[in-house]
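What follows is a short report on a single structure.
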Amino acid sequence: MIQVEGLKKRFKLSKEHNKNKTSSDPRERDGYFHSVESVSFQCQQAEVLGLLGPNGAGKTTTLRMLSTALTPDSGAIFVGGQDIVKKPLHGRRSIGFLSGTTGLYGRLSAQENVEYFARLHGLKGKPLKARCELLYETLDMTSFLDKRAESLSTGMKQKTNIARAVVHEPQVVILDEPTTGLDIMTKQTVLTFIRQLKEQGTPVIFSTHHLDEVDMLCDRVCVIDKGVSCFDGDLATFREQGNSRELNQAFLNIVREAQDV
Ligand SMILES: Nc1ncnc2c1ncn2[C@@H]1O[C@H](COP(=O)(O)OP(=O)(O)OP(=O)(O)O)[C@@H](O)[C@H]1O
1 MIQVEGLKKR FKLSKEHNKN KTSSDPRERD GYFHSVESVS FQCQQAEVLG LLGPNGAGKT
61 TTLRMLSTAL TPDSGAIFVG GQDIVKKPLH GRRSIGFLSG TTGLYGRLSA QENVEYFARL
121 HGLKGKPLKA RCELLYETLD MTSFLDKRAE SLSTGMKQKT NIARAVVHEP QVVILDEPTT
181 GLDIMTKQTV LTFIRQLKEQ GTPVIFSTHH LDEVDMLCDR VCVIDKGVSC FDGDLATFRE
241 QGNSRELNQA FLNIVREAQD V
């Protein structure tokens with residue numbers, strides 16, 4: 001289980017930026033951009049949570065805090081009962097994170113990339129081989145394992161990135177827009193993989209702009225608007241509060257209501 005409480009993150013703006021200030025975003029004030037002002041949600045074992053929000057809402061900033069790549073200014077993130085803001089090493093071990101910009105080593109093959117990260121997590125010998133082979137099979141990677149990462153297609157790179165993110169069997173999996181830019185077949189492989197993680201009991205959090213994916217996979221939804229989580233609950237409550245069976249409409253209604261407050 002992962003529990004996120006009252007996350008905040010602001011970024012200092014340059015003097016140059018402040019001089020030429022044109023933004024009307026209320027999050028820009030006192031020389032800072034307050035990307036995340038108050039975000040809280042939870043995701044239990046075997047649940048998939050969809051993180052939704054308009055462009056610039058603060059989803060990636062939130063996920064980067066969960067991955068320990070960014071330190072929150074305040075708030076707590078509990079994984080397995082431990083606050084990973086205070087214990088980032090525990091966080092790195094227990095979370096598998098796919099970022100939108102995760103880089104692979106271009107000169108290494110897909111297989112070498114995944115196995116390199118497996119070794120960094122302390123895997124070796126037969127357990128390493130068994131774990132990697134299972135991932136290659138599940139993510140349909142066997143046809144391009146020996147190709148250099150720099151020559152892979154977008155979909156092949158994404159599958160390699162996902163394999164590398166989960167190679168250490170993390171307690172929680174976090175994926176930032178995992179299906180963006182993928183063709184229909186690769187997208188299906190990724191969605192099936194998320195469903196398998198859920199079936200194994202792993203909580204999965206993923207950000208998306210595609211509500212059909214939410215409908216297919218998610219038990220819960222968290223909506224972030226202008227750095228604040230304005231909804232955290234199950235899909236039935238999301239439809240009820242959003243006053244529509246149709247998820248796109250429910251989302252629009254929830255965001256509009258939050259902006260009217
Ligand atoms: N290092 C930074 N310095 C200043 N502002 C930043 C920084 N990182 C993010 N921001 C700002 O914080 C806001 C939230 O960005 P974030 O990438 O988290 O949004 P998002 O919800 O993931 O958006 P999208 O759906 O477009 O990917 C944006 O306005 C962004 O410009």
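Counted from 1, the sequence shown has number 226 at position 226 by UniProt numbering; the numbering is strictly sequential. Note that CB positions come from ideal geometry on N, CA and C, so glycine has one too.
Among I77, F97, I95 and I162, the one whose alpha carbon lies nearest that of Q111: Comparing Cα positions, the closest option is I162.
Inter-residue CB distance, I174 and S67 (contact presumed, cutoff 8 Å): Confirmed, about 6 Å.
Comparing alpha-carbon positions, which option in S229, I194, N253 and K226 lies nearest G96? The shortest C-alpha separation from G96 is found at I194.
Would you report the Cα separation of A57 and D73, rounded to the nearest angstrom? Rounded to whole angstroms, A57 to D73 spans 17 Å at the Cα level.
Please report the distance separating the alpha-carbon of S24 from that of F33. For S24 and F33, the distance between alpha carbons rounds to 11 Å.
Contact criterion: CB-CB distance below 8 Å. Does T68 meet it with respect to chain C? Protein chain content of the structure displayed is limited to a single chain, and chain C is not contained in it.
Pull up the DSSP beta-bridge partners for G34, would you. Going by the sequence as given, residue 34 is His instead of Gly. In DSSP, H34 forms a bridge with R10.
Under 7 Å: does the beta carbon of T61 sit that close to some heavy atom of ligand 1? Between ligand 1 and the CB of T61, the shortest heavy atom gap is smaller than 7 Å.
Check whether the Cβ of A57 sits closer than 7 Å to any heavy atom of ligand 1, and report yes or no. Checking the Cβ of A57 against ligand 1 gives yes.
By Cβ distance, which residues of its chain are closer than 7 Å to Q241, with the 5 residues on each side in sequence left out? Close CB contacts of Q241 within its chain, under the 7 Å cut and outside five residues either way in sequence, are with F231 and I254 (chain order).
Can you tell me whether S109 is helix, strand or coil according to DSSP? Looking at S109 - three-state DSSP - the assignment turns out to be strand.
Take the Cβ of Y105 as the centre, count every other Cβ of all protein chains shown within 10 Å, and call the residue buried at 16 or more, exposed below. Y105 should be labelled exposed.
The beta strand (DSSP E) spanning L182 covers which residue range? Unbroken run through L182: none, as it is neither H nor E.
Count the C-beta pairs between the region 198-215 and the region 47-66 that are closer than 8 Å, then say yes if the count reaches three, no if not. They touch, by the three-pair rule.
Any chance the CB of G50 is under 7 Å from a heavy atom of ligand 1? Checking every heavy atom of ligand 1 against the Cβ of G50, none is found closer than 7 Å.
Can you list, in chain order, the stretches of the beta strand (DSSP E) that have 3 or more residues and sit fully within the region 77-158? Correct list: 95-98.
Comparing the CB of F41 with every heavy atom of ligand 1, is any distance shorter than 7 Å? In this structure, F41 has its beta carbon at no less than 7 Å from each heavy atom of ligand 1.
Proximity of G75 and I224 at Cβ, strictly below 8 Å: Not a contact, by the Cβ cut-off of 8 Å.
On the DSSP bridge list, what partners appear for K50? According to the sequence displayed, residue 50 carries Gly and not Lys. Note: G50 sits in a beta bridge opposite F206 and V221.
Could you check what DSSP says for L70 in three-state terms: helix, strand or coil? DSSP places L70 in the coil class of the three-state scheme, outside both helix and strand.
Find out if the Cβ-Cβ distance for the pair V166, I77 is shorter than 8 Å. In this structure, V166 lies away from I77, with their beta-carbon atoms at least 8 Å apart.
Quick one: does the C-beta of G75 sit closer than 7 Å to a heavy atom of ligand 1? Every heavy atom of ligand 1 is 7 Å or more from the Cβ of G75, so no.
Cβ-based neighbour list, S244, same chain, cut-off 8 Å, excluding 5 preceding and 5 following: The answer, listed in chain order, is A250 and N253.
In three-state terms, what does DSSP make of D212? Correct three-state label for D212: helix.
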